[in-house]
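Its first residue numbered 0, the sequence shown is counted upward by one per residue in numbering that gives the first Met the number 0. These notes concern the structure reproduced below.
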Amino acid sequence: MGKLALKKESLDLVKAGLEIEKNILKLSVQKYQSQLRAFEKKHKLSSEEFIKKFKEGKLGDDEEWFDWLFAYKAVNHSKQKISNIKEIAF
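Written as structure tokens, this is what we have:
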């Protein structure tokens with residue numbers, strides 16, 4: 000694990016910035032999870048089942064499938080970033 004040296008004033012600023020970023024990411028997760036639920040309800044298919052079928056090429060190239068894929072990836076990406084922020088020790 001790498002170490003970072005900061006002055007006290009800078010440390011407080013970094014902590015506040017990370018907290019803001021974490022909150023923005025949480026809002027992103029909520030937004031895209033809501034979109035995922037809407038796609039799942041509309042198509043009567045879980046996102047995991049959708050991803051499997053999409054990767055197998057069984058769904059075609061409709062724009063909506065790419066919107067669903069984006070929302071799925073956005074949720075996972077945001078959750079990973081939140082996890083990374085939580086791992087930062089001060």
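Cβ atoms here follow ideal geometry from the backbone N, Cα and C, with glycine treated the same way.
How is I50 classed by DSSP in three states: helix, strand or coil?
helix
Got a sec? Which residues, its chain only, sit under 7 Å from Y71 by beta carbon, not counting five neighbours each side?
L35, S46 and I50
Report the option in L44, F89, I81 and A88 whose CA atom is closest to the CA atom of Q29.
I81
When G1, N22, A4 and K6 are compared against K78, the one with the closest alpha-carbon:
N22
Where I23 falls: helix, strand or coil (DSSP)
helix
From I19 to F38, what distance separates their C-alpha atoms?
29 Å
Assuming L68 and F53 make a contact with CB atoms under 8 Å, what is their CB distance in whole Å?
6 Å
Which residues bound the alpha helix (DSSP H) around K57?
That residue, K57, is in no alpha helix (DSSP H); it is neither H nor E in DSSP.
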